[in-house]
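Working notes, structure below.
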Amino acid sequence: MSSDDPTKELPDSEPEENKGQISDEMHRMFSPVYDLQKSIQDLAAQFATFSTRLDAIEQKQEQRQLETKPIWEKALQEIAETRVEMREEFAKVHAELRDVNQRVRTLALSVFELQNTQRVIDERVTDLERKAS
């Protein structure tokens, strides 16, 4: 035993026929671990696919925002300008309505005065007709 490799001197611990059984037992023991590892790899692949799809959707959404942002800004500006114009026009209409309202009141007073004058004239004409008869 003067060999330099001490492992050559060790006896073979398992007979050849037992090695197949051990291999089968280890395979049965580690099979769930291998199945779990495969499932994890499948999930990782699915996650990568979902992540890629999500990235594509986010890019499309960002692109659409960039495309529609100027449109929305212009629309909002036009809405704001329209509001200002409408307020100005409503103020003018309101002033004109006040003026029309005043004129209607004046006209109504004139009509009442005319009716009163007409009544007085009718009474005088009736009195004159009575005296003449």
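Offset between the sequence shown (1-based) and the working numbering: plus 3. Heads up, the beta-carbon is just placed ideally off N, CA and C, and yes, glycines get one too. Nothing here was measured: the structure is a model prediction, and the numbers come from that model.
Just verifying my parser: in three-state terms, what is the DSSP assignment at residue i?
i, result
"Ser136", "coil"
"Met4", "In this prediction, Met4 scores a pLDDT of 48, lower than 50, which makes its location untrustworthy; the coordinate-derived value is nonetheless stated afterwards. Coil at Met4, not helix or strand."
Taking the alpha-carbon positions, what's the residue i to residue j distance?
i, j, result
"Ala59", "Asp38", "32 angstroms"
"Val36", "Phe50", "21 angstroms"
"Phe53", "Gln66", "20 angstroms"
"Asp102", "Arg127", "37 angstroms"
"Ile82", "Asn104", "32 angstroms"
"Glu76", "Thr109", "49 angstroms"
"Ala48", "Gln64", "24 angstroms"
"Ala135", "Thr129", "10 angstroms"
"Glu28", "Ser34", "10 angstroms"
"Gln40", "Glu61", "31 angstroms"
"Leu79", "Ala94", "23 angstroms"
"His97", "Gln68", "41 angstroms"
"Arg86", "Lys72", "21 angstroms"
"Gln121", "Glu92", "42 angstroms"
Near residue i, what residues of its chain come up, given a Cβ to Cβ distance below 8 angstroms and the 5 sequence neighbours on each side ignored?
i, result
"Ile74", "none"
Whose C-beta lies closer than 7 angstroms to the C-beta of residue i among residues of the same chain, with five residues either side of it excluded?
i, result
"Thr55", "none"
"His30", "none"
Excluding the 5 residues preceding and the 5 following residue i in the sequence, name in chain order all residues of the same chain whose CB lies nearer than 6 angstroms to its CB.
i, result
"Ser42", "none"
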